[in-house]
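Participant: With positions in the sequence shown counted from 1, the corresponding number in the numbering used here is that position plus 703.
Built from N, CA and C at the ideal position, the CB exists for glycine as well.
Below is the structure I would like to discuss, written out as structure tokens.
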Amino acid sequence: MFAVSSRRVLPGFTLSLGTSLLFVCLILLLPLSALVMQLAQMSWAQY
Numbered sequence: 704m705f706a707v708s709s710r711r712v713l714p715g716f717t718l719s720l721g722t723s724l725l726f727v728c729l730i731l732l733l734p735l736s737a738l739v740m741q742l743a744q745m746s747w748a749q750y
């Protein structure tokens with residue numbers, strides 16, 4: 704009935720999405736992991 708088009712609306716979308724997610728994860732995960740490491744070194748009295 705309908706011809707299926709293999710042309711995508713946004714070419715390069717998967718690459719740009721992957722790159723964006725990588726940078727967002729790095730920006731979020733690096734400070735959070737540093738915070739967890741800092742808290743792991745503290746005692747209950749310091750916490």
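Taking just the CA atoms, how far does Leu738 sit from Trp747?
Facilitator: 16 Å
Participant: Using the C-alpha atoms, what's the distance from Leu742 back to Thr722?
Facilitator: 30 Å
Participant: So, helix, strand or coil for Ser723, using DSSP?
Facilitator: helix
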